[in-house]
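Presented below is the structure to which this report refers.
Residue numbers (the working numbering), protein chains in the order written: chain A, 345 to 834; chain B, 345 to 834.
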């Protein structure tokens, strides 16, 4: 390929940017901070959406759609969050353009809105304002609603998929009659996210709780899944918030309980975004390009014909069509790359760059022998196998690739969790090894903040499986009951 | 049900609003001009999306995502459209809020954008600005891209689904190396829309071309499908535009042709929106509520148990689970309404209101006889059928209902096309019969405009199958070569 390749070991960040560009996943738009998700990148998002949507529905959720624009005053109702909420928002102030005397398009000064409207940075406010009309009695509960939408947070320093002003996501917003039920929901969705990350994205995650500093402003408790990228940095891949009665109080949403009492409704919200595409890239890909787990690959198998004569091409195509049909019958997505404009070598490199999990090469000699050549994208292993039974073989191999990608990431992640017991060790590991640091912390926001200032490492989470043990804070030396996970993060 | 019911014959418009509300499809948001699409309404949209998306992909299209916000200057590039384009747009002027000294949230005056950004009313501008970077040679063509997105056009008088400031839609934007290819694409997508409208929505449509007055500002030719609602008004259900080289010229998108010449790219765009849900409601529903064609019904069959004792309920439930499993195996979506909070009569009325095509009632006597009672939503016919073979029977019945709904709408539509040859007749038919008026027109925008002013009727389209015949304009008496279709429209 004519693409400039950058190695991960040389410049991880440039490697990432190059890969996103060369694999045709996305690009920066001519609108500050925004991205264009190109068809191949969007196809990955569609696979993610389809699977997540299925999992949401299996757990009893339905989809709905709420307005893009939120009146400014709604944010004021979130009293508690007035200081904490994200203020970097796009603000709509006018509703009309006009053509002036010089045939220039200008904003019509007479079309100024009485109240400014904010493009949703997240939808709790507009949704809880709506739920007020939907909930009167315990019979109306629970509400288990999800929304697929675009949201906007004005970002100054952007990175394709990882941090852009506009991004796509899903946001679940549920309403419950009791605190217990809402907490069960919060944890259930965390499990759904972890299941998706591990079994579809092939990315092992640590499930945990955020510290107060890192918690969503409107939440009582924020749960998260944290993944580890190949450069040793952590990436928050999804959050699930137990919102208590905060939004019900802000928007005055009460219900009559079974006992006839009027009570505030309990809430959760949870979301994952196109950021997951960034995680997918950074967790598995290599210097040759993208490595996609079969469960999320838009194309799972690409077939490349190798031929000199038209006659050979026709023979190969006949055999390929047969193989393709068999594979598709098993639910495998197959592309036959029969372009006559490019040589096989070019095609091999292109599909490698695009991370197609399995390549089938087939030439006249193969046809004679009744075989094809298989090439795995993840390990680059090649094997020659019989055309007979190829469908079952490929299906098994795709499962093996899925597992193998996960295992590789798991081994890397597990060897990157470092137990650390002194400040010197902390700094040394952070600088020389990266990854997660498991260390005692005194539980104060001050210490957390100082560590962040000094090292850029943040507390990613208090892992759910973290054992209680007496220790002393790695920074302040004060007593601690539990280790937490630090890391530099995206 | 405790709902207030309005008859179509009493007040069609109120009947519509009531139905949308009572069937839980959508509601007005507390944001001017915007709607909340409730789960049941959104489920219909999901069915529409799934089918359309499949048809787009079958015709070679892929999805992508382009930014929500468009710099104002982009609109100026559409020189030709400067006068014609929709100016009622939401304008973003600031990118930050702040909390002032009184703890009030205000727009930060220091965060004013240098250039205002417009929330997309449609995406030609941003997409053609992007295509410029994607197209160099004929080898890069065609680009066959679709986007599922929200768009915004500031509307003063809104109607749920039919006309709201924000709505959901898909917009296809394709780029071609020749005029011929682009025209074929434009027509192909019109056929896809007509196929969808007729075979999935059950709404017969007239395919035609818009007059210059009604044409999309940036288009050379606008094709449309027009449906007829039960009140005799027409509804534009989808448009497909041949854009010529207008956008390529506005955004300077050229390609090197096979012959090595630099040429402007040819374009199409096409879209349908959540407006189709409004069309679906208005085309088929009756005074009892929604009537959904099986092909787009989120729930195709509802099963209601009729019992007195817990013992009976358990027996019925066992039989129902078996029936449900069999139906689901055939791809039928089934809901077992086993709520113990409501009586069968209430449930019957609720599912009628929500338009579920087929209801199965089953009581202890039915069990003894090995039968169930089927009730069709569309004709309200009931029949008692054997449980044995129920799955095949239901599947056939659903197909019959789909056909029957279409036929009913077709008969109504066909009896509502009136050939008219004088201005008196024109006014009489319009006032007393409604529907489409097929009349000669002199081809001038002035006549079209005058007729609109006098009668509110517009030229819906010049039907593709309209024969050439000599005649005189129904209004001006000038010569005409072809009849066109007039109607009052939504």
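We put the CB at the ideal spot given by N, CA and C, even for glycine.
Query, Result
"At a Cβ threshold of 9 Å, is residue 452 of chain B touching chain A?", "yes"
"Can you list, in chain order, the residues of its chain whose CB lies under 6 Å from that of residue 455 of chain A, leaving out five sequence neighbours each side?", "438, 439 and 440"
"Cα-Cα, which of A:637, A:569 and A:603 is closest to residue 804 of chain A?", "A:569"
"Quick one: what's got a C-beta closer than 7 Å to residue 442 of chain B's C-beta in the same chain, skipping five residues either side?", "450 and 452"
"Note down, in chain order, each residue of its chain lying with its Cβ closer than 7 Å to the Cβ of residue 554 of chain B, except the 5 sequence neighbours on either side.", "566, 568 and 805"
"How many Å lie between residue 415 of chain A and residue 490 of chain A at the Cα?", "21 Å"
"Applying a beta-carbon distance threshold of less than 7 Å, which residues of chain A neighbour residue 597 of chain B?", "None at all; the shortest Cβ gap to chain A is about 14 Å."
"CB residue 285 of chain A to CB residue 624 of chain B, shorter than 9 Å?", "Since the displayed chain A opens at 345 and closes at 834, residue 285 of chain A lies outside it and no answer follows."
"Could you give the uninterrupted runs of the beta strand (DSSP E) lying entirely in the stretch 409-452 of chain B, keeping only those of 3 residues or more?", "413-415, 435-438, 441-443 and 449-451"
"Rounded to the nearest angstrom, what separates residue 694 of chain A and residue 633 of chain A at their Cα positions?", "9 Å"
"Can you pull the DSSP bridge partners for residue 666 of chain A?", "Per DSSP, none; premise fails for residue 666 of chain A."
"With respect to the beta strand (DSSP E) encompassing residue 807 of chain A, which residues constitute its N-terminal and C-terminal limits?", "802-807"
"In this structure, how does DSSP classify residue 680 of chain A when only helix, strand and coil are distinguished?", "strand"
"Just the Cα atoms here: how many angstroms apart are residue 765 of chain B and residue 681 of chain B?", "55 Å"
"Short of 8 Å Cβ to Cβ, which residues in the stretch 435-446 of chain B face chain A?", "435, 436, 437, 438, 439, 440, 441, 442 and 443"
"Does any residue of chain B bring its CB to less than 9 Å from the CB of residue 695 of chain A?", "no"
"When you compare only the Cα positions, how much space is there between residue 532 of chain A and residue 538 of chain A?", "10 Å"
"By a C-beta neighbour count over all protein chains shown, 10 Å radius and 16 as the cutoff for buried, is residue 687 of chain B buried or exposed?", "exposed"
"Counting Cβ pairs, one atom from each stretch, are 3 or more of them under 8 Å apart for the stretch 473-492 of chain B and the stretch 601-614 of chain B?", "yes"
"In chain order, which beta strand (DSSP E) runs of at least 3 residues are fully inside the stretch 450-515 of chain B?", "456-463 and 487-496"
"Output, in chain order, the set of chain B residues within a Cβ distance shorter than 7 Å of residue 498 of chain A.", "439 and 440"
"Could you name the residues of the stretch 352-375 of chain A whose beta carbon sits closer than 7 Å to any beta carbon of chain B, in the order they occur along the chain?", "373, 374 and 375"
"Compare the C-alpha of residue 600 of chain B against each of B:622, B:762, B:478 and B:733 and name the closest.", "B:478"
"In whole angstroms, what is the alpha-carbon distance linking residue 572 of chain A and residue 813 of chain A?", "25 Å"
"Nearest CA to the CA of residue 707 of chain B: which residue from B:387, B:392, B:521 and B:660?", "B:660"
"Considering only C-alpha positions, which residue in the set A:795, A:676, A:574 and A:580 is nearest to residue 635 of chain A?", "A:574"
"Hey, how far is the Cα of residue 505 of chain B from the Cα of residue 793 of chain A?", "49 Å"
"Tell whether a beta-carbon distance below 9 Å holds between residue 785 of chain A and residue 824 of chain A.", "yes"
"Residues of chain A with CB closer than 8 Å to the CB of residue 380 of chain B, please, in chain order.", "408, 409, 410, 411 and 474"
"Check the Cβ of residue 387 of chain A against every Cβ in chain B and list those closer than 8 Å, keeping chain order.", "406 and 407"
"For residue 672 of chain B, decide whether its Cβ has a neighbour in chain A, counting only Cβ atoms nearer than 9 Å.", "no"
"Could you check whether residue 422 of chain B and residue 561 of chain B sit closer than 9 Å to each other, using their CB atoms as the reference points?", "yes"
"Could you please give me the residues that DSSP links to residue 717 of chain A through a beta bridge?", "A:705 and A:728"
"For residue 474 of chain A, does the count of other Cβ atoms within 10 angstroms reach 16, so buried, or fall short, so exposed?", "buried"
"Measure how close the beta-carbons of residue 403 of chain A and residue 536 of chain A come, nearest whole angstrom, since I'm counting them as under 8 Å.", "6 Å"
"Return the chain-ordered list of same chain residues with a C-beta closer than 6 Å to the C-beta of residue 370 of chain B, the five sequence neighbours on each side being excluded.", "364, 379, 381, 382, 385 and 504"
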